[in-house]
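See structure below.
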Amino acid sequence: MIAPADLEHCRAVIRTGSLSFHAASKLLPSAVRDPALALYAFCRLADDEVDEGGHKGRAVLDLQDRLDKAYAGTPRNAPEDRAFCAIIEAFDMPRALPEALLEGLAWDAVERRYDTLSGVRDYSARVASAVGAMMCVLMRVRDPDALARACDLGVAMQLTNIARDVGEDARMGRIYLPLDWLEEAGLDPKAFVDNPRASPEVKRMVRKLLAEARRLYIRSESGISALPASARTGIFAARYIYAGIGGAIAKNGHDSVTRRARTTKAQKLGLIGKASLRAAATSVLPRSPVIFAQPLPEVRFLVEAAAQNSASVASKTQTRAAALLDVLAELKAQETSRGIAAE
0 MIAPADLEHC RAVIRTGSLS FHAASKLLPS AVRDPALALY AFCRLADDEV DEGGHKGRAV
60 LDLQDRLDKA YAGTPRNAPE DRAFCAIIEA FDMPRALPEA LLEGLAWDAV ERRYDTLSGV
120 RDYSARVASA VGAMMCVLMR VRDPDALARA CDLGVAMQLT NIARDVGEDA RMGRIYLPLD
180 WLEEAGLDPK AFVDNPRASP EVKRMVRKLL AEARRLYIRS ESGISALPAS ARTGIFAARY
240 IYAGIGGAIA KNGHDSVTRR ARTTKAQKLG LIGKASLRAA ATSVLPRSPV IFAQPLPEVR
300 FLVEAAAQNS ASVASKTQTR AAALLDVLAE LKAQETSRGI AAE
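Under numbering that gives the first Met the number 0, the residue at position 172 of the sequence shown is numbered 171, and the numbers go up by one with no gaps.
Given below as structure tokens:
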């Protein structure tokens with residue numbers, strides 16, 4: 000399905016760029032692991048171009064062109080693009096899923112901030128849950144309940160990332176903490192970005208983010224039993240390794256401004272062992288009723304797209320497309336104004 004040379008390139012990208020996923024991916028069956036590595040390599044490349052490039056808007060618009068070409072069956076001559084095109088064809092990947100990721104990256108490019116925790120979950124749905132839904136597609140899982148729990152896991156992981164990177168983001172002029180939390184704490188966003196401090200108020204916000212992430216990690220577990228048995232250890236490992244980052248943040252006193260939380264190789268190995276035991280238990284324990292919990296409102300569109308619920312998807316496609324086009328138009332306007340200013 001994926002050319003061997005392209006797959007090896009994708010492996011190398013993940014080996015050096017995403018240690019947590021690389022560790023967890025080793026536990027997936029090859030039929031899932033190989034396309035998953037290719038998928039993550041494509042998503043990682045897109046994220047890095049927007050996150051680290053000097054022209055974020057241009058990078059997002061470039062990604063839109065790459066998606067267009069991949070879905071037309073004429074990918075760019077790059078390993079990640081060719082591999083992603085093969086995935087689209089082999090798994091009938093709904094376009095709404097990578098486009099949700101594109102929208103989240105566009106929000107990053109326009110430096111959007113979020114008024115409430117729901118807004119942060121909106122963002123997390125796009126940049127993380129969309130990838131979780133795509134992973135389900137790679138496992139041939141289209142059950143809406145399982146997809147909803149996969150999206151829970153994606154939001155939990157992204158909230159953990161946000162909690163870990165509060166200081167790093169602030170030093171780059173970015174804020175992902177809900178603005179109403181800052182307001183309640185009497186903190187001015189501009190002042191915080193200019194001089195980020197691990198104040199008691201900020202530590203409380205980090206703690207609250209991790210509490211929400213923990214709730215969703217626990218809720219996500221019920222969906223893993225609906226995945227193929229051979230994939231459960233790998234997904235449990237991803238769940239525990241990312242949650243372990245939250246534990247490291249807590250050990251740092253919830254200071255993610257002056258310190259960056261990390262898990263050691265030994266800790267990862269211990270968490271992988273825990274994942275193996277937990278996955279084995281799913282074969283004998285009854286299914287948890289938590290799997291039937293309603294999806295978060297912020298991820299419902301992803302669940303419907305991945306489940307290919309044609310009636311629901313059709314009614315919302317135009318609205319979703321319009322929202323994406325709006326933010327892309329904003330980016331084009333920014334790039335045009337920059338071009339004029341440079342002349």
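The beta carbon of each residue, even a glycine, is placed where N, CA and C say it ideally should be.
Inter-residue spacing [alpha-carbon to alpha-carbon] between residue i and residue j
i, j, result
"residue 165", "residue 147", "27 Å"
"residue 73", "residue 63", "14 Å"
"residue 106", "residue 85", "28 Å"
"residue 91", "residue 221", "26 Å"
"residue 203", "residue 184", "10 Å"
"residue 205", "residue 186", "14 Å"
"residue 15", "residue 152", "23 Å"
"residue 169", "residue 283", "46 Å"
"residue 305", "residue 172", "34 Å"
"residue 30", "residue 195", "45 Å"
"residue 310", "residue 303", "Since pLDDT at residue 310 reaches only 47, below the 50 mark, its modelled position is unreliable, and no value is offered."
"residue 125", "residue 323", "11 Å"
"residue 191", "residue 69", "41 Å"
"residue 175", "residue 75", "33 Å"
"residue 188", "residue 266", "35 Å"
"residue 329", "residue 335", "10 Å"
"residue 133", "residue 3", "21 Å"
"residue 65", "residue 87", "13 Å"
"residue 321", "residue 177", "25 Å"
"residue 264", "residue 93", "36 Å"
Residues of its chain near residue i, where Cβ-Cβ distance is below 8 Å and the 5 sequence neighbours each way are ignored
i, result
"residue 13", "20, 21, 24, 36, 39, 40 and 43"
"residue 135", "141, 145, 146, 149, 226 and 305"
"residue 331", "56 and 60"
"residue 80", "41, 65, 68, 69 and 74"
"residue 261", "244 and 247"
Exposed unless 16 or more other CB atoms sit within 10 angstroms - verdict on residue i
i, result
"residue 297", "buried"
"residue 208", "buried"
"residue 179", "exposed"
"residue 231", "buried"
"residue 182", "exposed"
"residue 268", "exposed"
"residue 157", "buried"
"residue 159", "buried"
"residue 212", "buried"
"residue 114", "exposed"
"residue 71", "exposed"
Nearest neighbour of residue i, chosen from the options [CA to CA]
i, options, result
"residue 82", "61, 10 and 112", "10"
"residue 255", "263, 264 and 245", "245"
"residue 224", "301, 155 and 144", "144"
"residue 117", "67, 69, 155 and 0", "155"
"residue 227", "215, 281 and 201", "281"
"residue 193", "167, 211, 215 and 213", "167"
"residue 99", "195, 34 and 131", "131"
"residue 243", "295, 163 and 276", "163"
"residue 238", "277, 200, 264 and 198", "277"
"residue 258", "197, 241, 139 and 295", "197"
"residue 17", "329, 279 and 241", "241"
"residue 295", "54, 120 and 3", "120"
"residue 200", "253, 66 and 229", "253"
"residue 139", "214, 333, 128 and 307", "307"
"residue 129", "141, 115 and 95", "95"
"residue 210", "332, 54, 161 and 229", "161"
"residue 34", "55, 6 and 233", "6"
"residue 123", "262, 301 and 67", "301"
"residue 137", "28, 127, 299 and 80", "28"
"residue 233", "260, 177, 279 and 93", "279"
"residue 333", "8, 32 and 54", "54"
"residue 32", "260, 93, 263 and 229", "229"
"residue 97", "216, 263 and 127", "127"
7 Å CB neighbourhood of residue i in its chain, flanking five on each side removed
i, result
"residue 218", "148, 151, 289 and 292"
"residue 46", "104"
"residue 326", "102, 105, 106 and 109"
Cβ shell of residue i (< 6 Å), same chain only, five flanking positions each side left out
i, result
"residue 236", "23, 26, 271 and 274"
"residue 48", "58"
"residue 0", "85 and 89"
"residue 299", "none"
"residue 215", "151, 154 and 155"
"residue 8", "78"
For the region 285-296 against the region 236-255, are there 3 or more C-beta pairs whose distance is under 8 Å?
no
Assess contact between the region 54-71 and the region 97-115, defined as three or more Cβ pairs (one per stretch) separated by less than 8 Å. Is contact present?
yes
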